[in-house]
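The next block holds one structure in the form of structure tokens; read it before the comments.
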Amino acid sequence: MRNLSFFTLCMGSLASSLWVGGLVVVGAVVAPAVFQNIPAPLSGDVMIVVLHRFHMFVLGCALFMLAMEGLRAKFCEVRRLDWVRLFLICGAAGMALIQTFLLSPGIESLYRAGVVRGSGEQGRELQTIHSIAEKIAHGQLLLLLAAFVIYLLSGATSFQSRNSANHLMDS
1 MRNLSFFTLC MGSLASSLWV GGLVVVGAVV APAVFQNIPA PLSGDVMIVV
51 LHRFHMFVLG CALFMLAMEG LRAKFCEVRR LDWVRLFLIC GAAGMALIQT
101 FLLSPGIESL YRAGVVRGSG EQGRELQTIH SIAEKIAHGQ LLLLLAAFVI
151 YLLSGATSFQ SRNSANHLMD S
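Residue 13 in the working numbering is what sits at position 13 of the sequence shown, and the numbering runs on without skipping anything.
And the structure:
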């Protein structure tokens, strides 16, 4: 079961890395580049497509990470850090669901109605929803970084116990 434990830790950390990397790239690279270089309203159309695809990618990462945690819970010894990591992953997944199914559709419908962020009552509403979506993305980032640190700590512990067991067998 140690191999399965190590495998699930590696795969979970890979998925969390992809999710974190995606959040950073979309927020810090793609969105600014699109809005600075593509005129409205085409820039909004492009970002809607990007975000639709990105949300599906994120939900896939979340499901994969939860599946890895399920395998660990079923077949491996579950430690306190595993519960903390699962809590962090569930929090990030919940935030992703809120973003995907509540906030993004609201942003998209206001955008499709021709609302300009910050302009008029609906524009302020769009600004508010967008601000909440950004805060939730930052929250996901923090939770996933914490989960990644726990993956590293759990992996190091798993690796050390594996090496200790191998060393004892060699003696």
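Don't be surprised by glycine CBs; every beta carbon is placed ideally from N, CA and C.
Nearest Cα to residue 90 within the set 6, 70, 101, 108: 70.
Taking the C-beta atoms as reference points, residue 137 is found no nearer than 9 angstroms to residue 64. If you ignore the 5 residues before and after residue 110, its C-beta comes within less than 7 angstroms of the C-beta of 122, 125, 126, all in its own chain and listed in chain order.
Here residue 2 is exposed: its Cβ has fewer than 16 other Cβ atoms, across all protein chains shown, within 10 Å.
Distance check between residue 43 and each of 11, 143, 114 places 114 closest, using alpha-carbon atoms only. Beyond the five residues adjoining it in sequence on each side, residue 117 comes within less than 8 angstroms, by CB distance, of 123, 126, 127, 130 in the same chain, given in chain order.
When secondary structure is reduced to three states using DSSP, residue 40 falls in the coil class, being assigned neither helix nor strand. DSSP places residue 77 outside any alpha helix (DSSP H), giving it a letter other than H or E.
Look at residue 1 here: in three-state DSSP terms it is coil, with no helix or strand label.
The C-alpha of residue 151 is placed about 8 angstroms away from the C-alpha of residue 12. Classified as exposed, residue 75 has fewer than 16 neighbouring CB atoms from the shown chains inside 10 Å of its CB. Taking C-alpha positions only, residue 23 is separated from residue 144 by approximately 10 angstroms. Shown here, residue 113 sits in coil according to DSSP, grouped into three states, outside any helix or strand. Here the alpha carbons of residue 104 and residue 132 stand approximately 10 angstroms from one another. Between residue 96 and residue 140 a beta carbon distance of about 6 angstroms is seen, short of the 8 angstroms cut, so the two are scored as contacting.
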